[in-house]
Amino acid sequence: MIVRILGEGQWRIEDGELSALNTLDDKVEAAVDAGDEGAFRPALEELLAAVRRTGSQLDIEELVDSDLVLPPGDASIDEVKDLLSDDGLIPG
Amino acid sequence: MSIMKRMGLVFRSKANKALDRAEDPRETLDYSYQKQLELLQKVRRGVADVATSRKRLELQLNQLQQQQQKLHDQAQKALSMGREDLAREALTRRSGLQQQVDSLQEQHAQLQGEEEKLTMASQRLQAKVEAFRTRKESMKATYTAAEAQTKIGEAFSGISEEMGDVGYAMQRAEDKTAQMQARSGAIDELLASGALDDVTAPGGQDDISRELDSLSSTSDVELELAQMKQQIGGSEEKPREIDPSAQAPTGAEETQPKREGEQA
């Protein structure tokens, strides 16, 4: 699996690591759904740190599609919601 | 569905929509490469814009800090002349400025962060555009219609995703810079309106300076009078030591004012 952290780059993650990441991802999702900024920040940080730790970063000149995409570490809940909406922030 | 998956799907669908396919895939390649170069230029301009805002903030910080120093000097001078009330006023204004300085410093750090992020984004994009160009040339050279679609698809989605990422980084930086510029403008207005007493302006004088100056000239007159009396009447009166340029000890504002001069 290839994971992109917006504003940082891409990581290749072995399948064995995915379930741990999914658990962390669930925490982020719960915080976003609850609008709980206090729980959201540490949860997102934890998830990003796990990606950086367990993955191997791709060379910047590699042109590969990502399977999963994550917001930058300093994103707010509102920004995450924008990123998830169809007419969100990202231009084509 | 998880955040990571949903975000990945949204990102890919946008990247796909952005693909403007021409009938001949080779034209599409060239057209996309053109777009990539344009975006690269835009990011570089973005970096320059953020740097400009950062420098403007640094100038303002400088001005505010000079003003703080001036108020500190004024407080010392006022105290050495026995005017605790003036010294208090100067120090009160100085602490008011400190809040502005603190908040500007915080924003300066934020802008610096954005500048670094955009610089990194532009380096990543540049590497990917270069990789795309190499692949594009080799695809055009060995072009066969059958394999073109899949190969082109792969190269495209990789680069489109990067372009989306960079576009997002630029938008964030622009938002932050816009907030900062509004704030910078407000500080400029404050400085211009005199509310912050722009002491760096030539000839510009604030009320504390004016009062201290008039105190000094009164003291000068007293000193001169005393000296004249001394010359005429011999040693009947020693001139009083009133030297406005005398250095007060550091930290004088925290100690009790020395009562001397007129109140002695």
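Respectively, the protein sequence lines represent chains A and B.
Here this note's numbering is used: the first residue of the first sequence is 999, the next is one more, and so on.
Here this note's numbering is used: the first residue of the second sequence is 119, the next is one more, and so on.
In this text, a Cβ means the ideal position worked out from N, Cα and C, and glycines have one as well.
Nearest-angstrom beta carbon gap, B/Leu-182 and B/Val-219 [assumed within contact, 8 Å]: Going by Cβ atoms, the distance from B/Val-219 to B/Leu-182 rounds to 5 Å, so yes, they are a contact pair.
Taking the alpha carbon of A/Gly-1007 as the point to measure from, which residue in A/Gly-1071, A/Ala-1041, A/Val-1026 has its own alpha carbon closest? The shortest Cα separation from A/Gly-1007 among A/Gly-1071, A/Ala-1041, A/Val-1026 belongs to A/Gly-1071.
Between the segment 194-213 of chain B and the segment 322-332 of chain B, can you find at least three pairs of beta-carbon atoms closer than 8 Å? At 8 Å Cβ cutoff, the stretches touch.
Considering only the alpha carbon of each residue, which of B/Gln-299, B/Gln-289, B/Glu-342 lies closest to B/His-226? The shortest Cα separation from B/His-226 among B/Gln-299, B/Gln-289, B/Glu-342 belongs to B/Gln-299.
Of all the CB atoms in chain B, is at least one closer than 8 Å to the CB of A/Arg-1002? A/Arg-1002 counts as touching chain B.
Helix, strand or coil at A/Leu-1066 according to DSSP, with G and I counted as helix: Correct three-state label for A/Leu-1066: strand.
Looking at the strands, I want to know which residues DSSP matches up with A/Ser-1000. Note that residue 1000 of chain A is Ile in the sequence shown here, rather than Ser. In the DSSP assignment, A/Ile-1000 forms a beta bridge with A/Arg-1010.
In or out: A/Thr-1021 buried (at least 16 other Cβ within 10 Å) or exposed? Classification for A/Thr-1021: exposed.
Answer with buried or exposed for B/Asp-191, where buried requires no fewer than 16 other C-beta atoms within 10 angstroms of its C-beta. Exposed, since its Cβ has fewer than 16 Cβ neighbours within 10 Å.
Can you find a CB in chain A that lies within less than 8 Å of the CB of B/Val-165? No, its Cβ sits nowhere closer than 8 Å to a Cβ of chain A.
I'd like to confirm the pairing. Which residues does DSSP put opposite A/Gln-1055 in its beta bridges? Bridge partners of A/Gln-1055: A/Trp-1009.
Going by Cα to Cα distance, which pick from B/Val-128, B/Leu-147, B/Phe-129, B/Lys-132 is closest to B/Gly-250? Sequence inspection shows Phe at residue 250 of chain B; the Gly mentioned does not correspond to that position. Taking only the C-alpha atoms, the option nearest B/Phe-250 is B/Leu-147.
List the residues of chain B that A/Leu-1082 touches, going by C-beta distances under 9 Å, in chain order. Around A/Leu-1082, the beta-carbon contacts reaching into chain B at under 9 Å are Ile-121, Arg-124, Met-125, Val-128.
Where B/Met-238 sits in the DSSP three-state scheme: Looking at B/Met-238 - three-state DSSP - the assignment turns out to be helix.
Looking at the C-beta of B/Glu-383, does it have a partner C-beta in chain A at a distance below 8 Å? In the structure displayed, chain B extends from 119 to 382; residue 383 of chain B sits before or after that span and is not available.
With the cut-off set at 8 Å, would you say B/Ser-240 and B/Arg-162 are in Cβ contact? Going by C-beta atoms, B/Ser-240 is nearer than 8 Å to B/Arg-162.
Contact list for B/Arg-201 against chain A, beta-carbon separation under 8 Å: The contact set of B/Arg-201 on chain A, defined by CB atoms closer than 8 Å, is empty, because the minimum CB distance reaches about 49 Å.
Cβ separation of A/Ser-1064 and A/Ile-1000, assumed to be a contact under 8 Å, to the nearest whole Å: With a beta-carbon spacing of about 5 Å, A/Ser-1064 and A/Ile-1000 fall inside the 8 Å limit used to define contacts.
CB contact below 8 Å: A/Ile-1011 versus chain B: Chain B contact via Cβ: absent.
Chain-ordered neighbours of B/Ile-270 on chain A, where CB pairs are closer than 8 Å: Listed along chain A, no residue sits closer than 8 Å to B/Ile-270 by beta-carbon distance, the nearest being about 11 Å off.
For A/Leu-1046 and B/Met-125, which I take to be in contact (beta-carbon distance under 8 Å), what is that distance rounded to the nearest angstrom? Actually they do not touch by this definition, with Cβ atoms about 13 Å apart.
Between the CA atoms of B/Glu-255 and B/Arg-301 - distance to the nearest angstrom: Cα to Cα, B/Arg-301 sits roughly 48 Å from B/Glu-255.
Just to confirm, are B/Gly-179 and B/Gln-223 a CB contact at a threshold of 8 Å? Correcting the residue type first, residue 179 of chain B is Leu in the shown sequence and not Gly. Contact: yes.
May I ask you to list, following chain order, the residues of the segment 240-256 of chain B that have a beta carbon less than 8 Å from some beta carbon of chain A? Taking 8 Å as the Cβ-Cβ cut-off against chain A, the residues of the segment 240-256 of chain B that qualify are Gln-241, Arg-242, Ala-245, Lys-246, Glu-248, Ala-249, Phe-250, Arg-253.
So B/Phe-129 and B/Gly-282 are in contact, right, with Cβ under 8 Å, and what is the actual spacing, rounded? At roughly 6 Å, the Cβ-Cβ gap stays under 8 Å, so B/Phe-129 and B/Gly-282 are in contact.
Indicate the three-state DSSP secondary structure (helix, strand or coil) for B/Glu-355 in the structure shown. Note that B/Glu-355 scores 48 on pLDDT, short of 50, meaning its location in the model is unreliable and no value can be drawn from it.
Decide if B/Met-346 is buried, meaning its Cβ has at least 16 other Cβ atoms within 10 Å, or exposed. In summary, B/Met-346 is exposed, with fewer than 16 beta-carbon neighbours lying within 10 Å of its beta-carbon over all protein chains present.
How long is the line joining the alpha carbons of A/Ala-1032 and B/Ser-213, rounded to whole angstroms? So the alpha carbons of these two residues sit roughly 41 Å apart.
Judging by CA-CA distance, which residue of B/Leu-215, B/Glu-156, B/Gln-228 is the nearest neighbour of B/Gln-184? Closest option to B/Gln-184, judged by alpha-carbon separation, among B/Leu-215, B/Glu-156, B/Gln-228: B/Leu-215.
Using only CA atoms, which one of B/Met-122, B/Thr-170, B/Thr-237, B/Leu-197 lies nearest to B/Thr-295? With distances taken between Cα atoms, B/Thr-295 lies closest to B/Thr-170.
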